[in-house]
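These notes concern the structure reproduced below.
In my numbering, the protein residues as written are 2 to 247.
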């Protein structure tokens, strides 16, 4: 299963980090694995400190820089617009993926933290499910959520990534149309057939719609092949197969 996404957006010093801390703490206590991805406006973050190893590796042409410590590890991708790659590496390892920023990421519900009423024009969009503030009174706004209620709200309203298949099985013309209704709380994710698929086929990183029979064939054939390779006492929980340059 892929992680459920939720984003917290707002200007610097609006309280995003504090709120995300509360969300992480709540979800972790409920037994969920939680990941966080933060948008940083500063270009070259992690590779712009003179004489640091990461900077030297970057200056000499490294495209990916990783580090491993006794209790942590990390990866820096040296390329623009690497958000999809970064999120894909996280979303299969956690139950919830909380984003700080990324207000325009397609299909991801968000809560906007408001410092001034002029912020509404900058942060409210079709993915906004709530607003809150520790600086001004928003209690009469139709999307207002109390800070103490937000962790539970995120648990219930976070969504898996939008499939983008446009299969129309949900009754909508596009996945985006369906997700807008989901984000506004007017639909149920159970109407999306893609969420129950046991097999997902991606060609050039684009998911392909599989009919139930084809999905079953893929699952049985690949599983049967892998069964002959695994250790007798090893349980198969998932299989990832990548074919390149054939």
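C-beta atoms are modelled at their ideal positions from N, C-alpha and C, and glycine is treated no differently. Since we're looking at a predicted model, the values are computed, not measured.
Under the criterion of beta carbons closer than 8 Å, residue 190 and residue 160 qualify as touching, at roughly 7 Å. By the Cβ neighbour-count rule, residue 40 is exposed, with fewer than 16 other Cβ atoms within 10 Å of its own.
Counting only runs of 3 or more residues that sit fully inside the segment 7-75, the beta strand (DSSP E) segments are 35-39, 65-70, in chain order.
Between residue 182 and the set 94, 128, 201, the nearest pair of CA atoms involves 128. Secondary structure note for residue 153: its alpha helix (DSSP H) is the uninterrupted segment 151-158.
Per DSSP, reduced to three states, the secondary structure at residue 4 is coil, with no helix or strand assignment. Here residue 19 is exposed. Its C-beta has fewer than 16 other C-beta atoms within 10 Å. In the DSSP annotation of this structure, residue 147 is not part of any alpha helix (DSSP H), being labelled neither H nor E.
Restricting attention to 229, 112, 16, the CA atom closest to the CA of residue 144 is found in 112. For residue 102, the closest alpha carbon among the candidates 96, 149, 91, 114 is that of 114. Judged by DSSP secondary structure, residue 130 falls within the beta strand (DSSP E) whose first and last residues are 129-133. The beta carbon of residue 209 lies closer than 6 Å to those of 202 in the same chain, with the five residues before and after it left out.
Judged by DSSP secondary structure, residue 207 falls within the beta strand (DSSP E) whose first and last residues are 207-209. For residue 200, same chain residues with a beta-carbon under 7 Å away, outside a window of 5 residues either side, are 211, 216, 219, 220 in chain order. Per DSSP, the unbroken beta strand (DSSP E) holding residue 99 starts and ends at 97-101.
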